[in-house]
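This report concerns only the one structure given below.
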Amino acid sequence: MTEVREPFRARLRGGVLAAVALGGLLGGTARYALVLAFPVPGAAFPWTTFAVNVSGAFLLALLLVYVFEIWPPTRYVRPFAAVGFLGAFTTFSTWMVDTDRLLGHDHCTAAALNIFGSLFAGLAATVLGLAVGRLTAARRSRLDARRGRARRYGWWVR
Numbered sequence: 035m036t037e038v039r040e041p042f043r044a045r046l047r048g049g050v051l052a053a054v055a056l057g058g059l060l061g062g063t064a065r066y067a068l069v070l071a072f073p074v075p076g077a078a079f080p081w082t083t084f085a086v087n088v089s090g091a092f093l094l095a096l097l098l099v100y101v102f103e104i105w106p107p108t109r110y111v112r113p114f115a116a117v118g119f120l121g122a123f124t125t126f127s128t129w130m131v132d133t134d135r136l137l138g139h140d141h142c143t144a145a146a147l148n149i150f151g152s153l154f155a156g157l158a159a160t161v162l163g164l165a166v167g168r169l170t171a172a173r174r175s176r177l178d179a180r181r182g183r184a185r186r187y188g189w190w191v192r
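Residue numbers (the working numbering): 35 to 192.
Here you go:
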């Protein structure tokens, strides 16, 4: 028998949308603050965007391990932190604008390095984030088993 699902709009909750919006506001503001704090001249390699995107890949991977494997189920952590904050913090559009700017100044090598370096560094950061998260989960499980305690969750669960 097939399961009848509610339409998408009926499943979408106002609180989830608010969590995404608030996370997006904070993530976009954090990225903008970093761009202001570490400006890049017109023809230079966009290190700030590169660092933001690579750190965002690491944090997203780490966060998702925590959300799915360590923390108890919650309704708002993933929409707020993963979709909202990190979705606005990392930036595909600025990455491409920076690449176009480098190409416009005839810095083809730097543009290629920006594209492929960001992809490979982002992939490496994702793998590292997953590994750190899973090592943390395994360590936490071993410590809890040694102490004979069940999992304890933080204030965000209540």
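Here a beta-carbon is modelled for each residue, glycine too, at the ideal position from N, C-alpha and C. In this text the structure is predicted, and so the values were computed from the model without any measurement.
Legend entry - Minimum C-alpha distance to F126 - residue among A144, F79, C142 and S152: The residue from A144, F79, C142 and S152 with its alpha-carbon nearest to that of F126 is S152.
Inset, instruction - For A165, name the three-state secondary structure that DSSP assigns. - result: Look at A165 here: in three-state DSSP terms it is helix.
Legend entry - When A71, W105 and F84 are compared against N148, the one with the closest alpha-carbon: The shortest C-alpha separation from N148 is found at F84.
Inset, instruction - Tell me whether the beta-carbon of T82 lies closer than 7 angstroms to the beta-carbon of V74. - result: Against a cut-off of 7 angstroms, the Cβ pair of V74 and T82 comes out as a contact.
Legend entry - Residue span of the alpha helix (DSSP H) that contains W105, given as start and end: Counting along the chain, W105 sits inside no alpha helix (DSSP H), nor does DSSP assign it H or E at all.
Inset, instruction - Would you grab the beta carbon distance between G49 and A122 for me? Rounded to a whole angstrom, and I think it's under 8 angstroms. - result: That pair is no contact at about 18 angstroms.
Legend entry - For Y66, the nearest candidate out of G76, T143, I104 and V86 (CA to CA): If we check each option's Cα against that of Y66, V86 comes out closest.
Legend entry - Same chain, Cβ closer than 8 angstroms to A144, neighbours up to 5 away in sequence not counted: Counting only Cβ-Cβ distances below 8 angstroms, and skipping sequence neighbours, we find F79 and L136.
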